[in-house]
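K.L.:
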Amino acid sequence: MKKVLMLFLAAVTLGFTSCNSNDDENGIVIDGIDLSKDVDCCSAEEALQVYKFLQTVHYIPELSTSVDGLYDVKAFSKTGTLHRGYNDLYFVVTKKKTGNYVKFFDIKNVTPLMNMVKMNMWHSTPVGGALEVLDTKRPAVKHGWVSLLMNTSEAGYWQFSYDIEVLGSKGRVEDQVVNVEALLEGQDWLKSFKVGNDTYYLSLVNPNDWKTGTNAIQAYISKKSSPATTPYAVAAETFTVEIDPRMPDMGNHTSPGNVALAKQPNGSYQGSINLTMTGLWRIHLTVKDAQGNVVAGGDSQKDGFSSLYWDVTL
Ligand SMILES: [Cu+2]
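In structure tokens form, the structure reads like this:
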């Protein structure tokens, strides 16, 4: 595959046409296969962008597979591992014969299941909806996410399954055990709250990308399924999540200019958070329903702050 990618790089540098081009004079031929005839693959520019993207993520072997001996399916995350809380997942499919990226494939029914060994029960976890194209620049990369309730421990372990369809060929990854790492001390990015009999999960998205100062803050609110072995979808309800970041080790001082998280058309919640210095920030949360009633957090403990919070250490 390296060879193909290097040729794509060369093709871009030399200004050759895309592999979808009908211009035979400039076709890229590898191992006797003219890539310009491969309508399933990306243009040279698209392939280059995918190649560049893959330099920023790492391969998860447990979640990768092949389909019908024709296609390699590779899963990636930022680190090549998974951890408790929100994780982005990326998938790329290549043709075994040429290493070309395949643009058209579907990944469905991503189902993480945790076996709580001592309790002899299984549960799933918040999962984003159908996987989507990462962006228009990188149409051959599919993106999704999972937010894992617990890390792997003596209490239990995780298995992942999903279905894949590539150009009419179907495959499945079934019950693959994947290790889920704990977060470091001072990092707690996943919390739950109850409204009546319903349990909701608040997944903070990638706070490890934050820097000192003002940051975009993004989260998802998912609703626990019944039975709990069904992946937990993003909640249909509309909430608002007010944030009150404090530094517990520094007299609980706060910061100015924080903006509550509001629901976006894509189902995520977005706001703005100002973290004025490095160290442990406890982000106290107050969740309100669409009518503005407080449904979670907001309760005064002995320190006067909400007992519903994320911890982020910068
Ligand atoms: Cu569990």
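Heads up, the sequence shown is in my numbering, so the first residue is 5 and it goes up one at a time.
Just so it is clear, CB atoms sit at the ideal spot from N, CA and C, and this is done for glycine as well.
Because the structure is a prediction, the values reported are computed rather than measured.
What is the DSSP secondary structure of Phe309, counted as helix, strand or coil?
P.N.:
Along the sequence shown, one-based indexing puts residue 309 at 305. Coil at Phe309, not helix or strand.
K.L.:
Does the stretch 68-82 come within contact of the stretch 184-198, defined as at least 3 CB pairs closer than 8 Å?
P.N.:
No, the stretch 68-82 is not in contact with the stretch 184-198.
K.L.:
Can you tell me the Cα-Cα spacing of Arg142 and Ala239, whole angstroms?
P.N.:
Along the sequence shown, read from residue 1 onward, the residue named residue 142 stands at position 138. Along the sequence shown, read from residue 1 onward, the residue named residue 239 stands at position 235. Cα-Cα distance, rounded: 28 Å.
K.L.:
Going by DSSP in three states, Asn330 sits in which element: helix, strand or coil?
P.N.:
Only positions 5 to 318 of the chain appear in this structure, which leaves residue 330 out of reach.
K.L.:
Consider the C-beta atom of Met123 and the heavy atoms of ligand 1; say whether any pair is separated by less than 6 Å.
P.N.:
Numbered from 1 along the sequence shown, position 119 holds the residue referred to as residue 123. It does not: the Cβ of Met123 is nowhere closer than 6 Å to a heavy atom of ligand 1.
K.L.:
Using DSSP bridges, identify the partner residues of Glu169.
P.N.:
Within the sequence shown, numbered from 1, the residue matching residue 169 stands at position 165. Asp110 and Lys174, per the DSSP bridge assignment.
K.L.:
Measuring from each Cβ to the nearest heavy atom of ligand 1, keep the ones under 6 Å and list them in chain order.
P.N.:
Selection output, chain order preserved: Met118, Met120, His127, Leu153, Met154 and Gly160.
K.L.:
Can at least three beta-carbon pairs, one atom from the stretch 162-182 and one from the stretch 295-311, be found at a separation below 8 Å?
P.N.:
No: fewer than three Cβ pairs fall under 8 Å.
K.L.:
Mind checking whether Ile277 and Asn219 have CB atoms under 7 Å apart?
P.N.:
To locate residue 277, count along the sequence shown from 1; it is residue 273. To locate residue 219, count along the sequence shown from 1; it is residue 215. Contact flag set, yes.
K.L.:
Closest to Val199 by C-alpha separation, out of Gly301, Val145 and Glu136, would be which residue?
P.N.:
Indexing the sequence shown from 1 puts residue 199 at position 195. Of Gly301, Val145 and Glu136, the residue nearest in Cα terms is Gly301.
K.L.:
Roughly how many angstroms lie between the CA atoms of Asp44 and Asn104, to the nearest whole one?
P.N.:
By 1-based counting over the sequence shown, the position of residue 44 is 40. By 1-based counting over the sequence shown, the position of residue 104 is 100. Answer to the nearest angstrom: the Cα atoms are 9 Å apart.
K.L.:
Is there contact here, the stretch 143-163 with the stretch 77-92, by at least three beta-carbon pairs under 8 Å?
P.N.:
Short answer: they touch.
K.L.:
Can we say the stretch 113-129 touches the stretch 55-62, given the rule of at least three CB pairs closer than 8 Å?
P.N.:
The stretch 113-129, when compared against the stretch 55-62, does not touch it at the 8 Å Cβ threshold.
K.L.:
What is the DSSP secondary structure of Pro235, counted as helix, strand or coil?
P.N.:
One-based indexing of the sequence shown puts residue 235 at position 231. Of the three classes helix, strand and coil, the one that applies to Pro235 here is coil, per DSSP.
K.L.:
Compare the Cα-Cα distances from Gln274 to each of Thr280, Asn262, Asp315 and Thr282 and report the closest residue.
P.N.:
Looking up residue 274 in the sequence shown gives position 270. Among Thr280, Asn262, Asp315 and Thr282, the Cα nearest to that of Gln274 is on Asn262.
K.L.:
Evaluate Val137 with the Cβ neighbour count: other Cβ atoms within 10 Å of its Cβ, from every protein chain shown; 16 or more gives buried, anything less gives exposed.
P.N.:
The residue given as residue 137 occupies position 133 in the sequence shown. With fewer than 16 other Cβ atoms within 10 Å, it is exposed.
K.L.:
Residues in the same chain with beta-carbon distance under 6 Å from Pro252, minus the five sequence neighbours each way, listed in chain order, please.
P.N.:
Within the sequence shown, the letter at position 248 stands for residue 252. Answer for Pro252: Arg286, listed in chain order.
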